[in-house]
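J.:
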Amino acid sequence: MNPLNDPGFLLENLLSNTSDSIYFKDLDSRFIMVNPACAKKHKWPSPESVKGKSDFDTFTKEHAEQAYADEQRVIETGEPLRAVEERETWPDGSVTWASTTKIPLRNEQGKIIGIFGISRDITERKEAELRARRYADEMNVIKEEMEYDVRMAGRLQKNFAPNGYPNFPEGADADGQCIDFLHRFNLRRQVTGDYCTIFRVSDHHVGIFLCDVCGVGLRAALGTALIRGIMREISALGMLPGAYLARMNQLLVPLLNQENLVLDVTACYLVFDVRTGTVQVANAGHPMPIHFRDGYAAQWLCDSDDCVGEPLAVKPDSTYVVVERQLSPEDSVVMFTDGLYTVKNNVDDEYGKKRLLDSGHSLAGEPLADIFQGLEDDALAFAHDGNFVDDVCMVGFRFNKPMEDTA
Amino acid sequence: MPENPSNTRFLLQNLMEHTTDNIYFKDRQSRFLMVNQAFCDWAGLAEEQVIGKTDFDLFASEHAQQAFDDEQRIIATGEPVVGIEEKETWADGHITWVSTTKMPLKDEQGEILGTFGVSRDITDHKEAELKANYYSGQVRRIKDKMEEDVRMAGELQKTFFPRTYPVFPEGAAPADSRVGFFHYYHPSGHVSGDFCTVRRLSETESGVFLCDVMGHGVRAALGTALICAMVEELSGEAENAGDFLSHMNQSLLPILRQEDIFLYATACYIIFDARTGRLQVASAGHPVPLLFKNGSGTAEWLFADDSFRGAALAIAEDMEYQTMEATLAPGDSVVMYTDGLYEAETAKGEEFGEGRLLDAAGRLVGKPLPEIFPALVNEARLFAENGDLGDDVCLVGLEYRARLEE
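Line order of the protein sequences matches chains Z and D.
Under our numbering, the residues of the first sequence are numbered -10 to 396, in order.
Under our numbering, the residues of the second sequence are numbered 445 to 850, in order.
(1) Is it right to say Ile714 (chain D) is buried, meaning 16 or more other beta carbons lie within 10 angstroms of its own, or is it exposed?
(2) Report the three-state DSSP secondary structure of Trp534 (chain D) (helix, strand or coil).
(3) Hey, which unbroken runs of the beta strand (DSSP E) at 3 residues or more fall wholly within the segment 113 to 189 of chain Z?
(4) In the structure shown, what three-state DSSP assignment does Ala617 (chain D) receive?
(5) Could you confirm whether any beta carbon from chain Z is found closer than 8 angstroms to the beta carbon of Thr464 (chain D)?
(6) Phe105 (chain Z) touches chain D at which residues, Cβ-Cβ below 9 angstroms?
(7) Could you give the DSSP three-state label for Ile467 (chain D): helix, strand or coil?
(8) Secondary structure at Val821 (chain D), three-state DSSP: helix, strand or coil?
(9) Can you list, in chain order, the residues of its chain whose CB lies under 6 angstroms from that of Asn738 (chain D), leaving out five sequence neighbours each side?
(10) Is Gly143 (chain Z) near Gln166 (chain Z), with beta carbons less than 8 angstroms apart?
(11) For Met780 (chain D), does the three-state DSSP call read helix, strand or coil?
(12) DSSP three-state call for Asp337 (chain Z): helix, strand or coil?
(13) Would you tell me roughly how many angstroms separate the C-alpha atoms of Glu447 (chain D) and Ile21 (chain Z), rounded to the nearest one?
(14) Per DSSP, His280 (chain Z) is paired with what?
(15) From the beta carbon of Gly328 (chain Z), is the nearest beta carbon of chain D less than 8 angstroms away?
(16) Please report how far the alpha carbon of Cys712 (chain D) lies from the alpha carbon of Met780 (chain D), in whole angstroms.
(17) Specify whether the segment 306 to 325 of chain Z and the segment 243 to 251 of chain Z touch according to this definition: at least 3 beta carbon pairs, one from each stretch, less than 8 angstroms apart.
(18) What does the Cβ neighbour count give for Lys14 (chain Z), buried or exposed, with the cut at 16 atoms within 10 Å?
(19) What's the C-alpha gap between Phe483 (chain D) and Gly527 (chain D)?
(20) Against Ser543 (chain D), what residues of chain Z qualify as contacts under a CB-to-CB distance less than 7 angstroms, listed in chain order?
(21) Distance check for Met674 (chain D) and Ala788 (chain D), CA to CA, integer angstroms please.
(22) What did DSSP end up calling Pro93 (chain Z) once you bin it into helix, strand or coil?
(23) Is there a Cβ from chain D that is less than 8 angstroms from the Cβ of Pro36 (chain Z)?
(24) Could you give the DSSP three-state label for Pro80 (chain Z): helix, strand or coil?
(25) Please confirm whether any heavy atom of the ligand HEM lies closer than 7 angstroms to the CB of Ser727 (chain D).
(26) Are the segment 456 to 473 of chain D and the segment -8 to 6 of chain Z touching, with three or more C-beta to C-beta distances below 8 angstroms?
(27) Beta-carbon of Thr603 (chain D) versus every beta-carbon of chain Z: anything under 8 angstroms?
(28) Can you look up Ser852 (chain D) in the DSSP assignment and give me helix, strand or coil?
(29) Taking Arg19 (chain Z) as the reference, which of Z:Lys100, Z:Phe188, Z:Ile104 has the closest Cα?
(30) Quick check: the Cα distance between Phe688 (chain D) and Glu681 (chain D), rounded to an integer number of angstroms?
(31) Residues of the segment 544 to 557 of chain D in Cβ contact with chain Z at a cutoff of 8 angstroms, in chain order, please.
(32) Going along chain Z, which residues have a C-beta under 8 angstroms from Ile467 (chain D)?
(33) Across the segment 664 to 672 of chain D and the segment 594 to 605 of chain D, are there enough close Cβ pairs to call them in contact, namely three or more that are closer than 8 angstroms?
(34) If you measure from the beta carbon of Cys672 (chain D) to each beta carbon in chain Z, is any gap under 8 angstroms?
(35) Report all residues from its chain with a CB closer than 8 angstroms to the CB of Phe149 (chain Z); omit the five preceding and five following residues, and keep chain order.
(36) How would you label Gly637 (chain D), buried or exposed, when you count the other beta carbons within 10 angstroms and need 16 or more for buried?
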């Protein structure tokens, strides 16, 4: 007879030659029969020598108890265990892993009389998996620590921005304000290179500063901290936008302009006289603010390139011209960082300043909050994924009425 | 079939019939000779549909080719395939994973008649593993990106530190300056909360500043950027060392002290006049500087009594800081340091401490600052055994070489 047609031959071949451990156990989880691979794994002298032994004679209590419990459950329920991963702990301290299937062993009447199992060594693969998991856990701890750190830094940075606005006249209630202020951040991350502030310069002058440190992330945030520190110290120049930016530039150059590291900053500083309605602005490579003229138009505060100077920290002795404009009551001025118009649509067209100004036209005369919202909505409607790519900061004011000279 | 449970045939029959693993036997042409029920269930085929067929008849050709190649290699070489994990893409697009062992089927003479295999579905484990790998990769990418971000911030922070030092008289070659300055900076990570600077205040005076913003990491680094930006203007305005720290406290307080933030900084400021040797010191909760006296060959604390130190910066409004005065003799050096220098710990938690720091300083009297600084740091490192100081360390100091003439 051709042995290939003999099921008995085939099965015995399987039993004798496979590298998987095959074992049969009685109702008490004692071995009835094991194959050579199983005997070899346990370093038993022969498959026959194992009769009557149990896992407790081979493994540590830890694994033997687990295996016993599993097998007794299979016996009780009749449910097989499919491809469970078993951690095998040996008396010498070594650990192996097996992928195991355990099945009830039945007599011809279908009664369960024990179990049998097929176990495959998966130690190498399992150890690699565990190593990967441990590594992932370690990475995750580091990542979470860093995230916490950045979140804390972000909180600190939030305090750089205005925390309440000055009142003109000082002490005026909500109805008596000659000027309203607003600022708004739309940030991609916890920290940003955008920074704005609004501060009283005199009893009837306000200074508004907005800057954008090039790049993103922590380095840009560190740049804003430098600027925040400098601002405090050059406040004496607050009335003079050109001198203010020039001095800031002088202080920033040694810090941000190095042989191997140049971090330029665009900035715009304006001073508004709440009595006269005169606005003076100096610009260091920054987008020009938009002037919303009482209910009918939006225009650049100045549309000549001559009124825009070098970004900060590029050259040591940059100077900045001051542009002066007259505002009428109910005019608004909005400053913004370029993130507002650098969004792109799905054919890689940039939204651009022209579309931004068009959007502004339709918003002239609206309250500041609506102008901000409208500018942002229009830009985002254009963007192909509905998100800004860069951080966006807007800051502006609405001139309600001239402040009376009480002096 | 006899029911004697130790009868091999009985046991094998049971195994074949009841196991949930797929078992299959094939001839040398990879045609199925025998399969078990689990295999039929798994393939969704009846036994008679399988016997005599090959994988090519039953499965997608990609899988069939792979299986065929494996089997033919086993037949050619006699080498089994043990526990390989195979991905199976089914006609409806769903994916399963199996772990397979395939062995040669041999007759009693050892001649290879075919192959047999045992496969089991490990899809659940494999998916969990793949998910874990994917997650691990994601985390790692985020971590690497953040680390790069911090590294770049650290590059900027390095530029806050002095690159050159003032010389007295102005225009002198650094080696001829009557006062020599030096600093040492070692952040524990890419960024740190330590910062120092040395500035010329007048023809004869220099200002040396060192601070340590609480904690380390990015937030502390932001704190140092604020301080760094303030020093230039403040040092011009201040009347004395204590006044400088009072001003700085007022400038920092509104930024660092907020409802949800509590961030303070210790700081020490020295103004030194190279003509008179007069030294002013004020301290906002910072460790007392070391004084190296060349004349007597000893090192001591600049002031034995540290009660002149005020509160750390950004703790409270309107803090006044006491200005202490001392006169240096040519040959004396004064060294400021952050507490990371003496808080180095052994594995058992014993601190290097100020006592050992002073002892170490005593052994270095007479050496120039560029030798003293690394030597002090090294002593702390050796003490910590693992060579890790665990904190940011910054030292800055001046050596009074000779009186500056009128």
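Glycine is no exception: its CB is placed at the ideal position from the N, C-alpha and C atoms.
T.: This is what the structure holds:
(1) buried
(2) coil
(3) 168 to 175
(4) coil
(5) yes
(6) Leu455, Asn458, Leu459, His462, Thr463
(7) strand
(8) helix
(9) Gly775, Gly810
(10) no
(11) strand
(12) coil
(13) Interpretation of Glu447 (chain D) is limited by its pLDDT of 46, a score under 50 that renders its predicted location unreliable; no figure is taken from the coordinates.
(14) Z:Gln288, Z:Val322
(15) no
(16) 8 angstroms
(17) no
(18) buried
(19) 17 angstroms
(20) Ser88, Arg109
(21) 30 angstroms
(22) strand
(23) no
(24) coil
(25) Among the components of this structure there are no ligands whatsoever, and the ligand HEM is therefore not found.
(26) yes
(27) yes
(28) Because chain D here runs from 445 to 850, residue 852 (chain D) falls outside it and cannot be looked at.
(29) Z:Ile104
(30) 8 angstroms
(31) Thr545, Met547, Pro548, Leu549, Lys550, Asp551, Leu557
(32) Leu3
(33) yes
(34) yes
(35) Tyr184, Thr186, Thr213, Ala214, Arg217
(36) buried
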